[in-house]
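Colleague: When you line the sequence shown up against UniProt numbering, it's residues 1 to 233, in that order. Just so it is clear, CB atoms sit at the ideal spot from N, CA and C, and this is done for glycine as well. To start, I am sharing the structure in question, which I have written as structure tokens.
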Amino acid sequence: MKILAFDTATIETTCAVVEDKKVLAASSINSRLSHSETLVSMIEEMLSALALEMKDLDMIAVGVGPGSFTGLRISVVLAKIFAKTLDIPVVGVSTLAALARQVAESGIVVPVFDARRKRVYTAQFKKEGDVLTRLTKDDAVAVDELIDSLPEGATIIGEGLSPYGESFSASEKGFFCYPQSLSQVRASFIAEEALVQYERDGASNPYELEPNYLRSSQAMREYRRKHGQSLDA
Numbered sequence: 001m002k003i004l005a006f007d008t009a010t011i012e013t014t015c016a017v018v019e020d021k022k023v024l025a026a027s028s029i030n031s032r033l034s035h036s037e038t039l040v041s042m043i044e045e046m047l048s049a050l051a052l053e054m055k056d057l058d059m060i061a062v063g064v065g066p067g068s069f070t071g072l073r074i075s076v077v078l079a080k081i082f083a084k085t086l087d088i089p090v091v092g093v094s095t096l097a098a099l100a101r102q103v104a105e106s107g108i109v110v111p112v113f114d115a116r117r118k119r120v121y122t123a124q125f126k127k128e129g130d131v132l133t134r135l136t137k138d139d140a141v142a143v144d145e146l147i148d149s150l151p152e153g154a155t156i157i158g159e160g161l162s163p164y165g166e167s168f169s170a171s172e173k174g175f176f177c178y179p180q181s182l183s184q185v186r187a188s189f190i191a192e193e194a195l196v197q198y199e200r201d202g203a204s205n206p207y208e209l210e211p212n213y214l215r216s217s218q219a220m221r222e223y224r225r226k227h228g229q230s231l232d233a
């Protein structure tokens with residue numbers, strides 16, 4: 001089964017083609033350009049290098065966040081278009097879960113993405129070899145609140161360490177913080193998480209697949225603030 005996987009939940013645009021758990025090609029770029037300007041061209045170049053066409057694909061795997069409002073919208077819409085056009089399964093997965101799979105060591109794994117205002121998108125997982133077990137749902141929480149809730153020795157990974165790494169390092173709980181160079185989302189693990197989910201639950205419904213924003217976009221938050229509506233998201 002050839003899987004095209006991609007994710008744009010963070011500033012990193014990442015895509016990969018995986019077949020039978022083997023990574024055939026992978027590409028990631030940390031760019032200030034919009035995801036829409038980079039993702040499609042990255043996919044085209046990658047497939048061309050493999051001498052593959054879109055019709056050769058068997059499944060689409062996409063990270064649905066949480067993360068960047070615009071980035072998530074781009075990748076999920078593209079995944080739905082591919083799945084419907086090619087008539088192949090699409091599986092939307094938590095970008096946090098995929099990132100947790102990148103940790104090689106067993107133990108409690110806590111991926112973190114910056115959610116602004118001293119908050120992070122996060123969830124807690126238990127890693128035992130290749131088995132990843134979810135302990136908490138994806139959520140947006142205050143950094144201090146998260147630190148208080150974590151067990152000693154937990155592994156922290158993700159781009160949320162860039163603004164908040166000192167807070168985790170200063171804790172007396174002895175967290176292991178992954179280096180920034182190893183904390184970026186990789187599409188090959190989006191594919192890995194998608195395959196596990198597909199074998200367990202089947203494909204996502206392409207007509208119901210939606211990004212997991214968790215928090216409103218800044219534009220929507222401003223609108224709600226001006227009009228007195230709830231800011232909960």
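Rounding to the nearest angstrom, what Cα-Cα distance links residue 237 and G153 in this structure?
Modeller: Nothing can be reported for residue 237: it is not among the residues displayed for the chain, which extend from 1 to 233.
Colleague: What does L135 pair with, by DSSP beta-bridge criteria?
Modeller: L135 pairs with nothing; no bridge assigned.
Colleague: Check whether the Cβ atoms of R101 and E210 lie closer than 8 angstroms to each other.
Modeller: The answer is no: Cβ separation not under 8 angstroms.
Colleague: Closest by CA to T14, which one among M1, E45, K21?
Modeller: Measuring from the Cα of T14, the nearest candidate turns out to be E45.
Colleague: Could you check the C-alpha separation between K80 and A115 for me, to the nearest Å?
Modeller: C-alpha separation (whole angstroms): 26 angstroms.
Colleague: Among the candidates N30, D56, I60, whose CA atom is the shortest distance from the CA of S188?
Modeller: When each option's Cα is compared against that of S188, the closest is I60.
Colleague: Beta-carbon separation of F113 and P163 under 8 angstroms?
Modeller: No, the pair does not count as a contact, with Cβ atoms beyond the cut-off.
Colleague: So N205 packs on D138, CB below 8 angstroms; how close in whole Å?
Modeller: Not quite, the Cβ-Cβ distance comes to about 19 angstroms (not below 8 angstroms), so this is no contact.
Colleague: Does T10 come out as helix, strand or coil in the three-state DSSP assignment?
Modeller: In the structure shown, T10 sits in coil (DSSP, three-state: anything other than H, G, I, E or B).
Colleague: Could I get the ranges of all uninterrupted alpha helix (DSSP H) runs contained in the segment 87-117, with 4 residues as the minimum, in chain order?
Modeller: With a minimum length of 4 residues, the continuous alpha helix (DSSP H) runs that stay inside the segment 87-117 are 95-100.
Colleague: When DSSP builds the beta bridges, which residues end up paired with R119?
Modeller: In the DSSP output, where bridge partners are listed per residue, R119 has A142.
Colleague: K84: buried (16+ other C-beta within 10 angstroms of its C-beta) or exposed?
Modeller: Label assigned to K84: exposed.
Colleague: If I follow the unbroken beta strand (DSSP E) through F175, where does it start and stop?
Modeller: From DSSP, F175 is part of no beta strand (DSSP E); its letter is neither H nor E.
Colleague: Mapping DSSP to helix, strand and coil, what is M42?
Modeller: Reduced to three states, the DSSP call for M42 is helix.
Colleague: For F125 and T70, I'd like the C-alpha separation in whole angstroms.
Modeller: Each residue's alpha carbon lies about 27 angstroms from the other.
Colleague: For S204, does the three-state DSSP call read helix, strand or coil?
Modeller: S204: strand per DSSP, three-state reduction.
Colleague: Rank D148, D130, L96, A203 by C-alpha distance to the C-alpha of A123 and give the top, closest one.
Modeller: Ranking D148, D130, L96, A203 by Cα distance to A123 puts L96 first.
Colleague: Report, in whole angstroms, the separation of the C-beta atoms of L195 and K173, which I expect to be a contact under 8 angstroms.
Modeller: With 8 angstroms as the limit, L195 and K173 do not qualify as a contact, their Cβ atoms being about 33 angstroms apart.
Colleague: Is the distance from the Cβ of G129 to the Cβ of S94 below 8 angstroms?
Modeller: Result no, Cβ atoms of G129 and S94 do not sit closer than 8 angstroms.
Colleague: Do A25 and I190 count as a contact pair if the criterion is CB distance below 8 angstroms?
Modeller: Result no, Cβ atoms of I190 and A25 do not sit closer than 8 angstroms.
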